[in-house]
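At position 28 of the sequence shown (counting the first as 1) the number is 27 in numbering that gives the first Met the number 0, and the numbers step up by one without a gap. Just so it is clear, CB atoms sit at the ideal spot from N, CA and C, and this is done for glycine as well. Here's the structure, in structure tokens; my notes come after.
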Amino acid sequence: MNGWRTAAACQEVDPDLFFPVGAGSPALAQAEEAKKVCRHCPVREDCLRSAMAQPHPPAGVWGGLTEAERSALRRRSRRGADGRR
Numbered sequence: 000m001n002g003w004r005t006a007a008a009c010q011e012v013d014p015d016l017f018f019p020v021g022a023g024s025p026a027l028a029q030a031e032e033a034k035k036v037c038r039h040c041p042v043r044e045d046c047l048r049s050a051m052a053q054p055h056p057p058a059g060v061w062g063g064l065t066e067a068e069r070s071a072l073r074r075r076s077r078r079g080a081d082g083r084r
């Protein structure tokens with residue numbers, strides 16, 4: 000286990016909060032609740048960096064971003080690295 004995880008704010012929260020099911024209003028509301036926890040997390044950047052380093056994006060909210068938001072961030076990063084805008 001990564002050392003940063005022991006300091007994560009999510010350690011005190013039900014893990015299911017970070018894994019919303021579906022794409023409807025209840026799932027979006029759940030993701031927002033998870034992101035609220037992340038906003039106050041002292042290791043948010045470490046968590047996001049860890050999720051972004053995975054070859055296959057992990058499901059759920061990591062580092063304050065959903066899987067879709069992290070995928071979009073990856074695409075923007077790749078475009079920037081290729082010199083495209």
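Asked: For the candidate residues C37, P25, E32, R75, whose alpha-carbon lies nearest to that of G62?; Found: C37
Asked: Are at least three pairs of beta-carbons, each pair with one atom in the segment 41-48 and one in the segment 18-30, less than 8 Å apart?; Found: no
Asked: What residue does the alpha helix (DSSP H) around L64 start on, and which one ends it?; Found: Here L64 belongs to no alpha helix (DSSP H), and DSSP marks it neither H nor E.
Asked: Cβ of R77 within 8 Å of Cβ of A50?; Found: no
Asked: Whole angstroms are fine: how far does the CA of L72 sit from the CA of P57?; Found: 14 Å
Asked: Cα separation between P41 and R74?; Found: 26 Å
Asked: Counting along the chain, where does the alpha helix (DSSP H) carrying Q36 start and finish?; Found: The residue asked about is misnamed: residue 36 is Val in this sequence, not Gln. V36 -> alpha helix (DSSP H) spans 24-38.
Asked: Short of 6 Å in beta carbon distance, which residues of its chain neighbour T65, apart from the five on each side in sequence? Order them along the chain.; Found: A30
Asked: Can you tell which of H55, A52, A33, A67 has the C-alpha that lies nearest to the C-alpha of Q10?; Found: A33
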